[in-house]
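Residue numbers (the working numbering): 1 to 116.
Below is one structure, written out as structure tokens, with a few remarks after it.
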């Protein structure tokens, strides 16, 4: 079983933690991702990522004319959803310290903890 000695000498169980970041703003996701990774490397943790998942593009095509008369003109709208994965191997209390950073508005963070 994987354990890591704490500062006080007691052993803490090491978990595999997956952090999923989701947002429609690319710069916000990249900034939060860089902050999390730099915080994890400061604590000398094993980090994998960021894994860039494919961007989901939600498209809507709608007719401009409200009543159907006139020329056929259309509006095209789209929303891009960017997603990043970060894997850490650390005790759960250390992850609480890392994820305590200020997260940009519009970025959704999901933390999944699993045993090694």
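Yeah, the Cβ is synthetic: ideal placement off N, Cα and C, and Gly gets one too.
Because the structure is a prediction, the values reported are computed rather than measured.
According to DSSP, residue 115 shares a beta bridge with 15. Nearest in C-alpha terms to residue 89, of all of 41, 101 and 73, is 41. It is roughly 39 Å from the alpha-carbon of residue 109 to the alpha-carbon of residue 66. Around the beta carbon of residue 37, 16 or more other beta carbons lie within 10 angstroms, which makes this residue buried. Contact between residue 21 and residue 95 does not hold, since the beta-carbon distance rounds to 14 Å and is not under 8 Å. Using a C-beta cut-off of 8 Å, the segment 22-32 makes no contact with the segment 60-74, since fewer than three inter-stretch Cβ pairs fall below that distance. Annotation for residue 55: 80, 81, 82 and 83 place their beta carbon closer than 8 Å to its own, counting only its chain and skipping 5 residues before and after. Under the 10 Å beta carbon count, residue 17 is surrounded by 16 or more other beta carbons and is classified as buried. The DSSP-derived three-state label of residue 48 is strand.
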